[in-house]
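Peer 1: Numbering (our numbering), first residue to last: 97 to 301.
This is how it looks when you write it as structure tokens:
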């Protein structure tokens, strides 16, 4: 970053820091960024406001005139200035892929209710493509390979199978939770307030 060159020891330390949650100035979540990227926003005075616990401290170079060493300390949640950061709302739909689908459904098969590792799970289309179904959040559930093969190219009713849970569309807040394995308590508390009521994140494991 401009003017900031951490030593190798400092880099080893800050590499352990968690990701920083960025928001727009209205408090709508945007994305996860590294501590380096957060330093850039701080150094360019683009941080409108911040909240949460201190997440990192980075020491920069020494000012030749004052002899003082520059320091940047950042919190776990920061709001960034600028229109480019603006999100339409918390309800912006995240991209559909197997990783996020399995996270949404907590790696539980929608038919046998058993939990499986990702390698043994599949994306099942409740209404098959052959019957006009689409690849959307509301038409897909997580299914183990055995149940998916049994259901085959049929609807659950046609296969004599019942869904143990219903699909739903995750929003931006839930998506951010699902994509960060090292989320901090204050970040989780902030995002959890905006997770859909039907989210399985509200259910105990």
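Here a beta-carbon is modelled for each residue, glycine too, at the ideal position from N, C-alpha and C. On a predicted model such as this, the values are computed, not experimentally measured, just so you know.
Where DSSP assigns a beta bridge to residue 155, which residues make up the other side?
Peer 2: Translated into positions along the chain shown, residue 155 becomes position 59. Bridge partners of residue 155: 167.
Peer 1: Taking its Cβ as the centre, do 16 or more other Cβ atoms sit within 10 Å of residue 285, making it buried, or is it exposed?
Peer 2: As a working mapping, residue 285 is identified with position 189 in the chain shown. With fewer than 16 other Cβ atoms within 10 Å, it is exposed.
Peer 1: Which residues in the same chain have their Cβ closer than 7 Å to the Cβ of residue 283, if we skip the five residues on either side of it in sequence?
Peer 2: Position 187 of the chain shown, counted from the first residue, corresponds to residue 283. So the list reads 117, 148, 172, 173, once near-sequence residues are dropped.
Peer 1: Around the Cβ of residue 176, are there at least 16 other Cβ atoms within 10 angstroms (buried) or fewer (exposed)?
Peer 2: Taking the chain shown and counting its residues from 1, the one referred to as residue 176 is at position 80. Answer is buried; the Cβ neighbour count reaches 16.
Peer 1: Taking its Cβ as the centre, do 16 or more other Cβ atoms sit within 10 Å of residue 270, making it buried, or is it exposed?
Peer 2: As a working mapping, residue 270 is identified with position 174 in the chain shown. It counts as buried.
Peer 1: Taking C-alpha atoms, which residue in 139, 261, 129 lies nearest to residue 203?
Peer 2: As a working note, residue 203 is residue 107 in the chain shown. Looking at the Cα atoms, 261 is the closest of the given residues.
Peer 1: Just to check my reading of the structure: residue 240 and residue 219 have Cβ atoms closer than 8 Å, yes? What is that Cβ distance to the nearest angstrom?
Peer 2: By one-based count along the chain shown, residue 240 stands at place 144. By one-based count along the chain shown, residue 219 stands at place 123. That belief does not hold up - the Cβ atoms of residue 240 and residue 219 are roughly 12 Å apart, past 8 Å.
Peer 1: Let's test the definition: count the other Cβ atoms within 10 Å of the Cβ of residue 266 and tell me whether it reaches 16, buried, or not, exposed.
Peer 2: To locate residue 266, count along the chain shown from 1; it is residue 170. Within 10 angstroms of the beta-carbon of residue 266 lie 16 or more other beta-carbons, which makes it buried.
Peer 1: Going along the chain, which residues of its own chain have a beta-carbon closer than 8 Å to the beta-carbon of residue 235, five neighbours each way excluded?
Peer 2: As a position in the chain shown, residue 235 is number 139, starting the count at 1. Cβ neighbours of residue 235 beyond the five flanking positions: 221, 222, 223, 229, 263.
Peer 1: Does the distance from the CB of residue 252 to the CB of residue 258 come in under 8 Å?
Peer 2: Taking the chain shown and counting its residues from 1, the one referred to as residue 252 is at position 156. Taking the chain shown and counting its residues from 1, the one referred to as residue 258 is at position 162. Yes, these two residues count as a Cβ contact at 8 Å.
Peer 1: Out of 135, 127, 154, which has the shortest C-alpha to C-alpha gap to residue 167?
Peer 2: The sequence position of residue 167 within the chain shown is 71, counting from 1. Ranking 135, 127, 154 by Cα distance to residue 167 puts 154 first.
Peer 1: My output table needs one value for residue 119: the three-state DSSP class, helix, strand or coil.
Peer 2: On the chain shown, residue 119 is found 23 positions in, with the first residue counted as 1. DSSP places residue 119 in strand when its eight states are reduced to three.
Peer 1: Determine the extent of the beta strand (DSSP E) in which residue 219 is found, giving its start and end residues.
Peer 2: Taking the first residue of the chain shown as 1, we reach residue 219 at position 123. Counting along the chain, the beta strand (DSSP E) containing residue 219 begins and ends at 217-221.
Peer 1: Where do the N-terminal and C-terminal ends of the alpha helix (DSSP H) with residue 292 fall, by residue?
Peer 2: Here the question's residue 292 lines up with position 196 in the chain shown. Neither: residue 292 is in no alpha helix (DSSP H) and is coded neither H nor E.
Peer 1: So is residue 225 buried or exposed if we call it buried at 16+ other beta carbons inside 10 Å?
Peer 2: For the purposes of this step, residue 225 is taken as residue 129 along the chain shown, with counting starting at 1. Residue 225 should be labelled exposed.
Peer 1: Using CA coordinates, which residue listed in 126, 122, 120, 121 is at the minimum distance from residue 275?
Peer 2: Counted from its first residue, the chain shown places residue 275 at position 179. Residue 126 is the option with its Cα nearest to residue 275.
Peer 1: Between 288, 142, 205, 255, which lies nearest to residue 121 when the distance is taken from Cα to Cα?
Peer 2: Taking the first residue of the chain shown as 1, we reach residue 121 at position 25. Closest option to residue 121, Cα to Cα, is 142.
Peer 1: What's the call for residue 134, buried or exposed, on a 16-neighbour Cβ count within 10 Å?
Peer 2: For the purposes of this step, residue 134 is taken as residue 38 along the chain shown, with counting starting at 1. Flag for residue 134 reads buried.
Peer 1: Work out the CA separation of residue 287 and residue 268 for me, nearest whole Å.
Peer 2: Within the chain shown, residue 268 is the residue found at index 172, counting from 1. Within the chain shown, residue 287 is the residue found at index 191, counting from 1. Cα to Cα, the separation comes out at about 9 Å.
Peer 1: Going by beta carbon distance, what residues of the same chain come within less than 8 Å of residue 248, once the five residues before and after it are set aside?
Peer 2: To locate residue 248, count along the chain shown from 1; it is residue 152. Excluding sequence neighbours, residue 248 sits near 255.
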